[in-house]
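Visitor: Chain order of the listed sequences is Z and S. Counting in this note's numbering, the first sequence runs from 1172 upward without gaps. Counting in this note's numbering, the second sequence runs from 17 upward without gaps. Every residue, glycine too, gets a C-beta built ideally from N, C-alpha and C. Since we're looking at a predicted model, the values are computed, not measured. Pasting in a structure now, in structure tokens, and then I'll have a few things to ask.
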Amino acid sequence: MAAPAEAGLSREEGLRLHRWMCATKALDDRMHILVRQGRAPFVGSARGHEGIQVTAAAVLEEQDWLVLHYRGLGSAVARGLTAREWMLAVFARAADPLSGGRNIPGGCFAHPRLRIAPTCQVVATWIPKAAGIAYAARWRRDGSVVMCTFGDGATSKGDFHEGLNFAAVHRLPVVFVCENNRYAISVPLELQAGNPCLAERAAGYGMAGVVVDGTDVPACHRELRAAVARARAGDGPTLVEARIWRINSHTSEDDQSRYRSQEEIEEARRHDPVACFERWLADRGWLEPAEAEQVHRELEAEAAEAADWAERQPEPRLQDLEAHLFA
Amino acid sequence: MAVKTLIEGVREALDEEMARDERVWVLGEDVGRKGGVFLATEGLQEKYGPSRVLDTPLAESCIVGVAIGSALNGMIPVAEIQFADFIHPAFDQIVSEAARIRYRSNGSFSCPIVVRAPFGGGVHGGLYHSQSVEAFYAHVPGLKVVIPSTPADAKGLLKAAIRDPDPVMFFEHKKTYRLVRGEVPEDGDHLVPLGRAAIRRQGTSLTCIAWGLMTHHCLEAADQVAAEGIEAEVIDLRSLRPLDRDAILDSVRKTARALIVYEDNLTGGFGAEVAALIASDGFEYLDAPILRVAGPDVPAMPFNKPQEDAFMPGPDKIAAAMRKLAAY
Ligand SMILES: Cc1ncc(C[n+]2csc(CCOP(=O)(O)OP(=O)(O)O)c2C)c(N)n1
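Structure (structure tokens):
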């Protein structure tokens, strides 16, 4: 059995991360089924992002904040979002804890109990907000850290620059994680950035920059844990670029075969972080393939049950259309 | 009560609220050591320290975005945008984020921020230091939009805005900063409620509705036409959103004539909304068409003095409209 110290990941931690990844995948797969069945209108898939997403939440403490990419289901799940809660959002039910059925699932992760800050769907707008939350955390001296995630497309926006610059000026306790799947819908990274290494931008701001293979869960865990430790110690923000492969189309409204070759789509499937991590766990003798299969079955059943349950829950009342506009 | 300028009213409000509640903080360009380009924040950094009176990078989206984040984490930010003309880069943060956080999260989060910005012209500011931007924000559900026209209101409305649990856009007409003087209550709890208009002059011949500097121009015009027997009632809206519909309709019921005056471009300016309100809910009171005096539909006020004067809805233009209206 390989020494856990090498990766800094214990068996228990590894199995927990794996379970969250499987839970995310199960919800994702179930959503695709629901869309095909005509029961749910939309799915934005996190397939391929699960490893970096669950580790981003796993390295945090309870008082820390998450400011999430709309694709960040895995982070929300690892933070404690339940299958039933998520399915309430998928079916836009009144009890949906994220928005009460007002927004596309994931379009606005907002969960006070889990300290997931509200974000909107305008790409990158949440990055300066993460810096602001961190500024207040510093002022309150509550020792909390902010984890902020986004895609590679977001790095082209002014808000990316403005948020990172502010965080660097004040050496704020925030970790910026770019989930670089090399696509913004159909636009490839080559048309997004002149320098394909996004982490190198960190130097321009005066903060730490790190590239990590986002399909390598132990590596993600190691780098994110180090970044959080730097933030908590007062050593300022880090930009982590996690390189991953987007396995599905951008959303159920998109058809990636229009802009990606069949070979590339198949290549992406070979970089499935769930499978990669299962190989790593199996190599250590921590999780046999049959056991992994068992975890998948269990969580698939949970996702299916959650969907059926959520679908039966009441819709928001029409008279609440104007509720919560002001205090 | 001491007589003060409008900018002193603003500064007193900030000072008192920062002293009252340590969560209140100010951020913006040059607000710290310099005390703001109009000196609205003069002396505050010395008193409250650089972490509560912060000179930010030159980045408006960042200023408002950081303000929003700090509000989510328990602070009460007052963000200064140096000139309203430069608020456009922050439009997204204000409209997509601040205005919608409570609604979008179904009431589980709120966004108690104030965004202050000097607006308006007549100060030789040219195209980029003269704009009126209130209509953009008054269009947005989830925002409150406030414009004081007196020093007492500047103080009382700003204090109320800071204590408000929702995002408030607070626009200060820069020409009124030092031009307009008046008594300002010393009382630390001098609050002017948002959403309530003030009748600045009683009259029976016509109702004149304005905000900001235009309130003063309307009062001057009213003095001009009073000699001719026209008694204009002048309403200072103070808040565009929430709008004091009752104050407007009550006055029009009495006078049967309505004139709306605003410095912003005529088309789609907030006065159009006021006109629509009177037309739909006050139609039966009216004896004359609703008139508007506003800025022309050009991008902004020119630097050239005669052209700047030609843009500005001044007392003479307003008086002419009053006469026209009274003649119906
Ligand atoms: C400012 C803005 N422009 C356009 C869109 C429409 N849009 C939604 S997602 C997306 C691509 C974003 O790509 P990226 O940031 O790389 O994240 P990914 O979806 O690949 O995870 C676009 C263009 C948007 N939401 N916001």
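1) Less than 8 Å between the CB atoms is what I'm expecting for residue 188(S) and residue 177(S), so what's the real figure, rounded?
2) Cβ of residue 1303(Z) less than 8 Å from any chain S Cβ?
3) Decide if the segment 181-195 of chain S is in contact with the segment 220-229 of chain S; the criterion is three or more beta carbon pairs, one per stretch, under 8 Å apart.
4) At a CB distance below 9 Å, what residues from the segment 1224-1247 of chain Z approach chain S? Give them in sequence order.
5) Consider the C-beta atom of residue 1355(Z) and the heavy atoms of ligand 1; say whether any pair is separated by less than 7 Å.
6) For a test of the three-state rule: what should DSSP assign to residue 1406(Z), helix, strand or coil?
7) I want to verify the contact list: residues of chain Z whose CB lies under 7 Å from the CB of residue 91(S), in sequence order.
8) How many Å lie between residue 160(S) and residue 245(S) at the Cα?
9) By how many angstroms is the C-alpha of residue 1325(Z) removed from the C-alpha of residue 1283(Z)?
10) Spell out the partners DSSP gives residue 215(S) in its beta bridges.
11) Can you confirm whether the segment 64-79 of chain S touches the segment 1264-1282 of chain Z when touching is taken to mean that 3 or more C-beta pairs between the two stretches lie within less than 8 Å?
12) Output needed in chain order: residues of the segment 1322-1344 of chain Z with a Cβ under 7 Å from some Cβ in chain S.
13) Examine ligand 3 and report whether any of its heavy atoms sits within less than 7 Å of the Cβ of residue 1324(Z).
14) Which two residues bound the contiguous beta strand (DSSP E) that contains residue 320(S)?
15) Just list the alpha helix (DSSP H) runs in the segment 101-144 of chain S, keeping only unbroken ones of 4 residues or longer that don't cross its boundaries, in chain order.
16) Applying a beta-carbon distance threshold of less than 9 Å, which residues of chain S neighbour residue 1489(Z)?
17) When the cut-off is 8 Å and only beta carbons count, does residue 182(S) lie next to chain Z?
18) Return the CA-CA distance between residue 208(S) and residue 1260(Z), expressed in angstroms with no decimal places.
19) Could you tell me which residues DSSP pairs with residue 222(S) in its beta bridges?
20) By the criterion of Cβ-Cβ separation under 7 Å, what are the contact partners of residue 15(S) in chain Z?
21) DSSP has residue 1322(Z) in a bridge; who is on the other side?
22) Judging by CA-CA distance, which residue of 1383(Z), 1255(Z), 1213(Z) and 1318(Z) is the nearest neighbour of residue 1338(Z)?
23) Assess contact between the segment 1487-1496 of chain Z and the segment 116-126 of chain S, defined as three or more Cβ pairs (one per stretch) separated by less than 8 Å. Is contact present?
24) Taking the Cβ atom as the reference point for each residue, do residue 286(S) and residue 113(S) lie within a distance shorter than 8 Å?
25) Return the residues of the segment 68-87 of chain S that lie within a Cβ-Cβ distance of less than 9 Å from chain Z, sorted by chain order.
26) Check whether chain S comes within 8 Å of residue 1496(Z), counting only Cβ atoms and requiring the distance to be less than that.
27) Helix, strand or coil: how does DSSP classify residue 187(S) here?
28) Does DSSP classify residue 43(S) as helix, strand or coil?
29) Residues in the same chain with beta-carbon distance under 7 Å from residue 301(S), minus the five sequence neighbours each way, listed in chain order, please.
30) Would the segment 273-285 of chain S and the segment 297-314 of chain S be scored as touching if the rule is three or more Cβ pairs under 8 Å?
31) Given this structure, state the Cα-to-Cα distance separating residue 199(S) from residue 1379(Z), to the nearest angstrom.
32) Just checking: is the beta-carbon of residue 1279(Z) within a distance shorter than 8 Å of some beta-carbon in chain S?
33) Determine whether the beta carbon atoms of residue 1341(Z) and residue 1306(Z) lie at a separation below 8 Å.
34) May I ask which residues mark the beginning and end of the beta strand (DSSP E) holding residue 1488(Z)?
35) I want to verify the contact list: residues of chain S whose CB lies under 8 Å from the CB of residue 1273(Z), in sequence order.
36) Under 8 Å, with one C-beta from each stretch per pair, do the segment 1381-1397 of chain Z and the segment 1217-1229 of chain Z reach the 3-pair mark?
Guide: So, from the listed chains and residues:
1) With a Cβ gap of about 11 Å, residue 188(S) and residue 177(S) do not count as contacting.
2) yes
3) yes
4) 1236 and 1238
5) yes
6) coil
7) 1307 and 1310
8) 38 Å
9) 24 Å
10) 251(S)
11) no
12) 1329, 1330, 1333, 1334, 1336, 1337 and 1340
13) Looking for ligand 3 in the displayed structure turns up nothing; the ligands present are ligand 1.
14) Premise fails: residue 320(S) is in no beta strand (DSSP E) and is neither H nor E.
15) 117-120
16) Correct list: empty, because the minimum Cβ distance to chain S is about 15 Å.
17) yes
18) 41 Å
19) 248(S)
20) Absent from the structure is residue 15(S), since the part of chain S shown begins at 17 and ends at 344.
21) 1350(Z)
22) 1318(Z)
23) yes
24) no
25) 68, 70, 72, 73, 75, 76, 77, 78, 79, 80, 81, 82, 83, 84, 85, 86 and 87
26) yes
27) strand
28) strand
29) 268, 269 and 272
30) yes
31) 54 Å
32) yes
33) yes
34) Segment: none, residue 1488(Z) is in no beta strand (DSSP E) and carries neither H nor E.
35) 119, 120 and 122
36) yes
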